[in-house]
Amino acid sequence: MEAKGLFNVARKEFIDHLTSKRFILILVLFLIISAYSMHEGIGDYNNRLDEYKEQISRTEEIEGTHVIPTMPSTMCIFQRMREPMSFLGAILAIAMGFDLITREKETRSLKSLLSHPVYRDEIINGKALSGISALAFAVSIVFILLFAILLIFSIVPNMDEFLRIALFGAVTVLLFLTYFSIALMASTISKNSGIALMFAFVILLAISFGAPMLGGMAAKHMVGEPPERPGLQRPEVIDYEHPDEEREEWLRYQEVRDAYWKKRRAIRDAFEISSPLGSYGKLTGWLIEPRFIEVHSSSGKLLSTIPAETTNFKELLEKFWKHILVLLIFPVVFLAIAYVKFMRLDIR
-10 MEAKGLFNVA RKEFIDHLTS KRFILILVLF LIISAYSMHE GIGDYNNRLD EYKEQISRTE
50 EIEGTHVIPT MPSTMCIFQR MREPMSFLGA ILAIAMGFDL ITREKETRSL KSLLSHPVYR
110 DEIINGKALS GISALAFAVS IVFILLFAIL LIFSIVPNMD EFLRIALFGA VTVLLFLTYF
170 SIALMASTIS KNSGIALMFA FVILLAISFG APMLGGMAAK HMVGEPPERP GLQRPEVIDY
230 EHPDEEREEW LRYQEVRDAY WKKRRAIRDA FEISSPLGSY GKLTGWLIEP RFIEVHSSSG
290 KLLSTIPAET TNFKELLEKF WKHILVLLIF PVVFLAIAYV KFMRLDIR
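The sequence shown begins at -10 in the working numbering and counts up one residue at a time.
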């Protein structure tokens, strides 16, 4: 493989993507729905801001301290963006990749292409590189539009929020790359574009929704039904006239119940970790949803919560490294399958 041949193929395919009616139509739809979701998110943000101003005006002194209302973060605007991003991203990525190879087979242009001084690996790698570049371009256009909408409404994110938005975009590109790699693999191993499209959607549904559903059923089957609650009152309302055995029985039940649900969640999570969509939801949820720091008095009483001012990347890696790994492994695996299959493809 030579770099010149690779980039020539990638450049041609990239231009073909950007000028195709399919790409333009889906991108325009993507922009419209994203702009609408952004507008709705700004409405939510303004409502929270009005509530914050109202709380400020009613702030009263409590036990010598002040209860500090929490100012809403601009990140809440993006909470409505996750579902449209993942749904439309799947459509865009699969539409770009499902016929990249099958179209060449059906038009018999692959044989003539390989008659030129170009290697097979340059073709498949160039097509993959062009798809990745086009998806990154599409996401960049969407986020530029979103920033423009923020500025129109005089909403300016701070540096930490800007960084979190950029990470949100990067994670979105990884999700789109997963979908694109599935489509490219399906196009490589299928006889025609129709079969490739169906195959890509079957794999997409299986790993996005089938695995979590299977995890829920497996967890219930393996762990069984939850423990029965004893016919007792909660410990905090048990009268002192009740025997100590009653309180101990309730505490034993709580311990067994907590262990049951912990085990059930562990089994379910083991299946859900294989879902790129679930990993995307976990990561973007942490990036977008506001995080708070608790403020306590000297006696330990909770006084208020304040937004965290900076993004803790160590916490991000510690909590979600598995989800980051999933979004990296899936594209690598599917692209590797596409590469190996294409290199062995009989083009006669």
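Virtual Cβ for every residue (Gly too), placed ideally from N, Cα, C.
If you're wondering where the values come from, they're calculated on a predicted model, not measured in any experiment.
*Take every Cβ of the stretch 12 to 24, pair it with every Cβ of the stretch 74 to 88, and state whether three or more of those distances are shorter than 8 angstroms.*
Enough Cβ pairs lie closer than 8 angstroms, so yes.
*Local conformation of L334 per DSSP, three classes*: It is coil, neither helix nor strand.
*asked:* Helix, strand or coil for K180? Go by DSSP, reduced to three states.
replied: coil
*Nearest-angstrom Cα distance between L266 and G183?*
Straight-line Cα distance between these residues: approximately 24 angstroms.
*asked:* Rounding to the nearest angstrom, what Cα-Cα distance links A79 and F169 in this structure?
replied: 8 angstroms
*How is G78 classed by DSSP in three states: helix, strand or coil?*
helix
*If you compare alpha carbons, which of P201, Q243, H210 and G199 is closest to E217?*
Q243
*Which residue comes first and which comes last in the alpha helix (DSSP H) that contains M64?*
Note, M64: premise wrong, no alpha helix (DSSP H); not H, not E.
_So for S264, helix, strand or coil by DSSP?_
In the structure shown, S264 adopts coil according to DSSP, grouped into three states.
*Is the distance from the Cβ of F3 to the Cβ of A123 below 9 angstroms?*
yes
*I138 versus E29: straight-line alpha-carbon distance, rounded*: 12 angstroms
*To which residues of the same chain is L14 closer than 7 angstroms at the C-beta, ignoring the five residues directly before and after it?*
none
*asked:* Let's test the definition: count the other Cβ atoms within 10 Å of the Cβ of E93 and tell me whether it reaches 16, buried, or not, exposed.
replied: buried
*Of all the options E237, M206 and G158, which has the alpha carbon lying nearest to the alpha carbon of F67?*
G158
*asked:* Given this structure, state the Cα-to-Cα distance separating V329 from L193, to the nearest angstrom.
replied: 21 angstroms
*Please name the residue in R97, G(-6), A127 and F136 whose C-alpha comes closest to that of I31.*
F136
_Continuous alpha helix (DSSP H) stretch holding D5: start and end_ = That run of the alpha helix (DSSP H) goes A(-8) to T8.
*From the DSSP output, in three-state form, read off D33 for me.*
In the structure shown, the three-state DSSP call for D33 is helix.
*E261 beta carbon less than 9 angstroms from that of G204*: yes
*Apart from the five residues on each side of it in sequence, which residues of its chain come closer than 7 angstroms, Cβ to Cβ, to K252?*
V212
*Have a look at F(-4) and N114 and give me their C-alpha separation to the nearest angstrom.*
Note on geometry: alpha-carbon atoms of F(-4) and N114 lie some 9 angstroms from one another.
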